[in-house]
């Protein structure tokens with residue numbers, strides 16, 4: 001971290017991707033920081049270049065293709081001000097190029113794109129900041145200080161308005177519902193949604209009504225969102241792109257935020273400022289009295305910078321390793337998009353929609369899948385709230401989908417907390433999952449290569465893991481639940497040992513077909529070994545090939561590798577015809593030293609026959625790689641996963657459904 005800060009303390013080079021109208025708001029943020037950063041702009045429309053130079057100086061560098069900026073090793077970060085439909089792809093490409101990302105609101109068109117951006121930046125180790133400028137604006141900050149002071153008492157109601165007369169040119173991308181991500185709500189009411197979340201906390205429920213005028217745009221021009229906050233307060237948010245606001249003589253305000261509490265109220269109005277009035281909500285003057293006592297008092301605000309300027313200033317400080325106040329990171333801003341998406345769903349379904357949404361279920365449902373296996377409690381309810389779990393289950397039920405869940409690491413030697421603390425957490429989660437109707441639970445006893453690298457003998461890991469699962473027997477029996485151990489860095493022989501030691505009534509197998517390959521097991525023989533105990537699956541394909549230190553496995557989607565799923569599914573179906581087949585698809589080349597004694601010794605049950613069958617698979621792959629029947633390993637890995645994800649999953653689903661049909665097994669899971 002110190003090295004990174006020293007590097008960034010020099011003058012930064014920042015690429016601005018896009019030179020459209022919003023550059024007018026961003027440019028002053030950079031010109032006032034010219035001593036700390038230089039910029040280069042990418043804009044395909046040459047007619048915009050003159051305006052770009054007016055805003056940023058005659059000598060500013062301009063390129064037509066933003067990939068030139070991403071390829072420039074001297075560029076530290078990018079500010080993305082492209083149309084909404086390009087936000088995700090540009091942010092992901094920037095992250096993969098190692099650039100920190102600032103992106104103009106709205107973050108993306110939907111939560112799915114937000115998650116892709118967050119994951120890409122996290123994987124690349126770069127920051128993701130969203131320019132929700134209202135949080136950095138002095139007047140909006142003044143209203144937050146009033147609310148946070150507690151002087152207004154318990155907050156009862158919020159009213160937030162956005163008024164404009166918006167007419168876009170005939171060919172503008174904003175007219176397209178697909179390109180914009182919706183209409184006025186996603187485009188600009190997200191200012192109010194984001195500010196409401198900042199002021200009051202998270203939204204619990206929303207309902208929505210909209211009005212579309214096709215002559216103006218495909219999405220809505222007018223929208224009203226009613227929200228109930230987790231705090232209990234109510235909120236009404238509206239946007240009207242059909243009205244004259246502050247630019248017209250005696251027109252309406254552009255934006256208006258009004259908050260009512262038990263002890264007072266406050267408001268912000270564009271062009272006027274922030275005002276507050278403290279009162280006793282039970283006093284007589286508020287009983288049908290038009291006068292009241294006293295007047296609203298204006299909050300003194302020193303306004304030196306716009307919200308955009310302050311956001312850019314804080315972002316540049318953070319890049320230089322200086323103390324900075326980033327109020328709008330990607331993870332937080334995702335929730336603003338989520339509220340807007342929930343509002344659209346409420347309008348579509350004519351129902352009240354609860355938050356958080358479940359993009360994993362939506363993604364799977366849209367692609368014809370029947371369920372989702374979640375990684376653990378954190379991905380379901382970070383607060384371990386039963387209400388959130390039941391909401392998730394109800395939503396899954398409404399889609400006709402099932403859910404599988406995980407309890408995590410069952411190996412005391414690999415826990416981050418004490419064994420007693422872990423056991424207490426397991427007991428709590430097992431009971432919560434059972435109340436939500438989830439009883440077949442996934443677990444693991446290894447992360448990666450502990451079988452042959454951990455200082456504690458592997459047999460000790462197995463016995464300790466079995467003891468830990470066995471210690472959970474009372475709660476597992478009470479809930480009618482079972483922990484199914486995934487073969488991860490361990491073999492199916494190891495998993496069977498734990499199952500038999502703990503008891504098959506409370507412990508089973510979560511078979512990962514692709515992970516059999518990293519332990520030199522034949523996938524079909526491994527499936528036959530564990531089939532009677534298998535209640536969950538990770539269906540994953542792959543190829544194995546000789547590498548410098550042994551053998552490497554490259555992950556692939558079902559049907560693209562060497563795993564014989566026809567034989568495996570036939571075997572598993574004999575024991576459990578309703579077994580869920582959960583596709584786990586990712587790219588990852590994993591090397592393991594199969595010819596070294598340290599690797600082989602902890603796996604005494606692997607017979608020469610099975611190892612020989614495994615080497616045959618390696619030889620088949622080598623031949624297919626040489627002939628071009630399989631794509632070259634490096635070329636396959638070089639394509640970013642997100643660019644292929646939809647296609648890969650669709651291909652895997654098609655392959656598995658074809659096998660199920662061939663075997664006359666039900667394609668319900």
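In full-length UniProt numbering, the protein residues as written are 1 to 669. In this text, a Cβ means the ideal position worked out from N, Cα and C, and glycines have one as well.
Checklist entry - Can you list, in chain order, the residues of its chain whose CB lies under 7 Å from that of residue 356, leaving out five sequence neighbours each side? => result Hits under 7 Å: 338.
Checklist entry - What residues are listed by DSSP as bridge partners for residue 554? => result Looking at the DSSP output, residue 554 sits in a beta bridge with 543 and 589.
Checklist entry - When you compare each of 173, 247, 354 and 443 to residue 20 by their alpha carbons, which one comes out closest? => result Comparing Cα-Cα distances from residue 20 to each of 173, 247, 354 and 443, the minimum goes to 173.
Next on the checklist: Per DSSP, what are the beta-bridge partners of residue 538 in this structure?
Outcome noted: Its beta-bridge partners are 512.
Checklist entry - Just reading off the alpha helix (DSSP H) that residue 360 is part of, what are its end residues? => result In the DSSP annotation of this structure, the continuous segment of the alpha helix (DSSP H) that includes residue 360 starts and ends at 359-366.
Next on the checklist: Between the alpha carbons of residue 302 and residue 131, how many angstroms are there, rounded?
Outcome noted: Spanning the alpha carbons of residue 302 and residue 131 requires a straight line of approximately 21 Å.
Item to check | residue 22 to residue 515 span [Cα, whole Å] | outcome: When the Cα atoms are used, residue 22 and residue 515 turn out to be separated by approximately 49 Å.
Checklist entry - Where in the UniProt domain "GFO/IDH/MocA-like oxidoreductase" (140-265) do unbroken runs of the alpha helix (DSSP H), each at least 4 residues long, occur, reported from the N-terminal end onward? => result Every alpha helix (DSSP H) stretch that sits fully inside the UniProt domain "GFO/IDH/MocA-like oxidoreductase" (140-265) and reaches 4 residues is listed by chain position as 177-180 and 190-200.
Checklist entry - Per DSSP, which one or two residues make a beta bridge with residue 100? => result Under DSSP, residue 100 forms a beta bridge with 77.
Item to check | Simplified DSSP state of residue 303, which is helix, strand or coil | outcome: Residue 303 falls in the coil class under three-state DSSP.
Checklist entry - Run through DSSP, which three-state label would residue 486 get? => result Strand, per DSSP.
Checklist entry - What did DSSP end up calling residue 601 once you bin it into helix, strand or coil? => result It is coil, neither helix nor strand.
Next on the checklist: With distance defined between alpha-carbon atoms, name the residue in 521, 497 and 255 nearest to residue 459.
Outcome noted: Ranked by Cα distance from residue 459, the options 521, 497 and 255 are led by 497.
Checklist entry - Do the segment 228-242 and the segment 119-129 meet, that is, are 3 or more Cβ pairs less than 8 Å apart? => result With a cut-off of 8 Å, the segment 119-129 and the segment 228-242 do not count as touching, because too few Cβ pairs lie within range.
Next on the checklist: Let me confirm a value: residue 655 is counted as buried when at least 16 other C-beta atoms fall within 10 Å, else exposed. Which label applies?
Outcome noted: Residue 655 is buried by the Cβ-count criterion.
Checklist entry - When the Cα atoms are used, what is the spatial distance from residue 511 to residue 484? => result Rounded to the nearest angstrom, the two C-alpha atoms are 9 Å apart.
Item to check | Three-state secondary structure assigned by DSSP to residue 350 | outcome: If DSSP states are grouped into helix, strand and coil, residue 350 belongs with coil.
Next on the checklist: Closest to residue 649 by C-alpha separation, out of 585, 634, 133 and 331, would be which residue?
Outcome noted: Of the candidates 585, 634, 133 and 331, the one whose C-alpha sits nearest the C-alpha of residue 649 is 585.
Next on the checklist: Along the chain, where does the beta strand (DSSP E) containing residue 404 start, and where does it finish?
Outcome noted: Residues 402-409.
Item to check | Nearest-angstrom Cβ-Cβ length linking residue 56 and residue 316, presumed shorter than 8 Å | outcome: So it is not a contact: roughly 15 Å between Cβ atoms.
Checklist entry - Does DSSP classify residue 373 as helix, strand or coil? => result Residue 373: strand per DSSP, three-state reduction.
Item to check | Residue(s) in a DSSP beta bridge with residue 468 | outcome: DSSP links residue 468 through a beta bridge to no other residue.
Next on the checklist: Starting from residue 275, trace the alpha helix (DSSP H) in both directions and tell me its first and last residue.
Outcome noted: Membership of residue 275 in any alpha helix (DSSP H) is not indicated; the residue belongs instead to the beta strand (DSSP E) covering 273-278.
Checklist entry - Can you give, in chain order, each stretch of the alpha helix (DSSP H) that sits fully within the segment 614-642 and has at least 4 residues? => result The segment 614-642 contains these whole alpha helix (DSSP H) runs: 633-638.
Item to check | Per DSSP, the bridge partner or partners of residue 662 | outcome: In the DSSP output, where bridge partners are listed per residue, residue 662 has none listed.
Item to check | Per-residue burial, residue 457 [other beta carbons within 10 Å of its own, 16 or more giving buried] | outcome: Looking at its Cβ environment, which holds fewer than 16 other Cβ atoms inside 10 Å, residue 457 is exposed.
Checklist entry - If you count every other CB in all the chains shown that lies within 10 Å of the CB of residue 623, and 16 or more means buried, which is it? => result It counts as exposed.
Checklist entry - Does the pairing of the segment 131-140 with the segment 190-200 give three or more beta-carbon distances under 8 Å? => result Yes, they touch.
Next on the checklist: Tell me which residues share the same chain as residue 84 and place their Cβ nearer than 6 Å to its Cβ, disregarding the 5 neighbours each side in the sequence.
Outcome noted: Shown here for residue 84: same chain residues with a beta carbon closer than 6 Å to its own, the five before and five after excluded, namely 109, 180 and 181 in chain order.
Checklist entry - If you check the beta carbons only, do residue 29 and residue 312 fall under 7 Å apart? => result With respect to residue 312, residue 29 sits close: the two C-beta atoms are nearer than 7 Å.
Next on the checklist: Please give me, in chain order, every unbroken run of the alpha helix (DSSP H) with length at least 4 that falls completely inside the segment 392-466.
Outcome noted: Scanning the segment 392-466 for uninterrupted alpha helix (DSSP H) segments of 4 residues or longer gives 419-435 and 450-453, listed from N- to C-terminal end.
Checklist entry - Helix, strand or coil: how does DSSP classify residue 581 here? => result In the structure shown, residue 581 sits in coil (DSSP, three-state: anything other than H, G, I, E or B).
Item to check | Endpoints, the beta strand (DSSP E) within which residue 129 is located | outcome: Element bounds for residue 129: 128-131.
Next on the checklist: Determine whether the beta carbon atoms of residue 307 and residue 134 lie at a separation below 7 Å.
Outcome noted: Between residue 307 and residue 134, the C-beta spacing is below 7 Å.
Checklist entry - DSSP three-state call for residue 16: helix, strand or coil? => result The answer is strand: DSSP assigns residue 16 an E or B state.
Checklist entry - What is the DSSP secondary structure of residue 520, reduced to helix, strand or coil? => result In the three-state DSSP reduction, residue 520 falls in the coil class, being neither helix nor strand.
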